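In the working numbering, the protein residues as written are 38 to 377.
The beta-carbon is built from N, C-alpha and C at its ideal position, and this holds for glycine as well.
Everything numeric in this text was worked out from a predicted model, so none of it was measured.
The block underneath contains the structure these notes are about, expressed in structure tokens.
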Amino acid sequence: MEILTLDIGGANLKYCIFSFQSNKIEIKEYDELNILNNNLNVFELFLKKEIFKITSKNSIDKILFTQTASLIYENNKEGVKKIASILKEVFKGEIFMFTPDRLINIEILDFERYTECYNWAITRELCKDRKGIIIDMGSTSTDIIPILEKENNKNNIMRLIDGEVNYLGMVRTILQSVIKTVPYKNFDVPIIAEPILKTGDIFYYLDMIPYNKHLNYSSNIKFINKLEIENKICQLIASDKNFLSKEEINIIIKYIYEEIKNTIKFKINKIMKKNNLDNNITLFATGYGINNILKEIYKEMNFSEYITLENLLNVKKYTPAIGLGYVYFKKIMRRDFSMI
């Protein structure tokens, strides 16, 4: 038996093929395919073409999917229905969408009820046997998910209100949403309102994300190198390199990084206080920041343990597509992680 799991985003498609033979579960193949186009027609053609290609060259028995791509449609309901219809057109076997309640066959899926993006719930399902908090720092947003006996919020608006989802990521977030001033000599200088830099520029300059991730903003942004980043740091305070030294530029960049980190720590503290959690818990980390910013947060906030999803599942790289397969085999097939 082969199962294809999909994480369908507006900018990329992550997939994983699980093979289940002779009571042994194996990850046969996984990959991330970049779409990098904001046009709906291009996205839908891309999705149709890639799913057809994957299912044609493999003996797929069923598809399980989760998605965030509905956000690029006029409304989420339309997006989920269209994505489901594309999968159904290309693949004639069973297709299930992940929801926090259960995996639901798209033939009986209630498109009025299940229109949210549920990747966070996959991660929670994988970690819920231990007391802790999950930090998933992606390119666009950071999920902060407390592992609770009661159910977490399922509504995106409530998750925003409670700080469980924050539109502060490691690539696409404009700096003006994080900072209003930067230090220069003995002054706090207001920055210009024009969005000339994003968080990806800061993390790339500090060697915390590779160049290829830095490029994956979207198809319509001019890619810049470290010299250009330095020039734009000067432009943030209406200046240039005739006035700012290399050392002063580095001070500003490091300040911005610390403010990004402090913003996330503030959100974590808010959620911990709301849910009566202390720091004697595990921090489960996933996303782009597992080897730098999230590890620093773990140390500075004195959590008792730091576990990445890669280590938890013993995989080279964690994605919701891989996590979805683990949830399926654990909950539906009643198989232990050690079998994979």
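Asked                                                                                                                                                                                            : Found
If I follow the unbroken alpha helix (DSSP H) through residue 358, where does it start and stop?                                                                                                 : 357-364
Kindly indicate the opening and closing residues of the beta strand (DSSP E) around residue 342.                                                                                                 : 342-345
The beta strand (DSSP E) that contains residue 128, what's its start and end?                                                                                                                    : Neither: residue 128 is in no beta strand (DSSP E) and is coded neither H nor E.
Looking at the unbroken beta strand (DSSP E) that takes in residue 148, where does it start and where does it end?                                                                               : Taken as a continuous stretch (DSSP letters only), residue 148 belongs to no beta strand (DSSP E), as it is neither H nor E.
Would residue 195 and residue 331 be called neighbours here (beta carbons separated by less than 8 angstroms)?                                                                                   : no
Is it true that the CB of residue 290 sits closer than 8 angstroms to the CB of residue 228?                                                                                                     : no
Residue 185 by DSSP, collapsed to three states: which one?                                                                                                                                       : coil
Output yes or no for whether 8 angstroms exceeds the beta carbon distance between residue 378 and residue 72.                                                                                    : This structure leaves residue 378 out entirely; the chain is present only between 38 and 377.
Straight-line CA distance for residue 43 to residue 99?                                                                                                                                          : 11 angstroms
Are there 16 or more other CB atoms within 10 angstroms of the CB of residue 322, so buried, or fewer, so exposed?                                                                               : buried
Please report the residue range of the alpha helix (DSSP H) in which residue 271 lies.                                                                                                           : 263-273
Using the rule of at least 16 other Cβ atoms within 10 Å of the residue's Cβ for burial, across every protein chain shown, is residue 178 buried or exposed?                                     : buried
Might you give, ordered along the chain, the residues of its own chain that have their beta carbon closer than 6 angstroms to the beta carbon of residue 96, omitting 5 neighbours on each side? : 39
Which class does residue 290 belong to by DSSP, given the choice of helix, strand or coil?                                                                                                       : helix
Roughly how many whole angstroms lie between the Cα atoms of residue 349 and residue 274?                                                                                                        : 44 angstroms
Taking only the alpha-carbon atoms, compute the straight-line gap between residue 210 and residue 89 and give it to the nearest angstrom.                                                        : 33 angstroms
Could you say if the region 156-172 and the region 350-360 meet the contact criterion of at least three C-beta pairs nearer than 8 angstroms?                                                    : yes
Using DSSP with H/G/I as helix, E/B as strand and the rest coil, what is residue 154?                                                                                                            : coil
Rank 149, 148 and 134 by C-alpha distance to the C-alpha of residue 142 and give the top, closest one.                                                                                           : 134
I need the straight-line Cα distance from residue 108 to residue 116, nearest angstrom please.                                                                                                   : 7 angstroms
Report the rounded CA-to-CA distance for residue 127 versus residue 148, giving the unit in angstroms.                                                                                           : 20 angstroms
Check residue 43 in the structure and name its three-state DSSP category.                                                                                                                        : strand
Using a Cβ-Cβ cutoff of less than 6 angstroms, which residues in the same chain neighbour residue 342 once the five nearest sequence positions on both sides are dropped?                        : 319
If you follow the beta strand (DSSP E) that residue 69 is in, where does it begin and where does it stop?                                                                                        : 61-71
Could you pull out every residue in the same chain whose Cβ sits closer than 6 angstroms to the Cβ of residue 374, ignoring the five residues on either side in sequence?                        : Reliability of the predicted coordinates at residue 374 is poor, the pLDDT of 48 falling under 50, and the value obtained from them is presented with this limitation in mind. Hits under 6 angstroms: none found.
If you draw a straight line from the C-alpha of residue 245 to the C-alpha of residue 150, how long is it?                                                                                       : 39 angstroms
Kindly identify the DSSP beta-bridge partner or partners of residue 220.                                                                                                                         : 225
Could you pull out every residue in the same chain whose Cβ sits closer than 6 angstroms to the Cβ of residue 212, ignoring the five residues on either side in sequence?                        : 234
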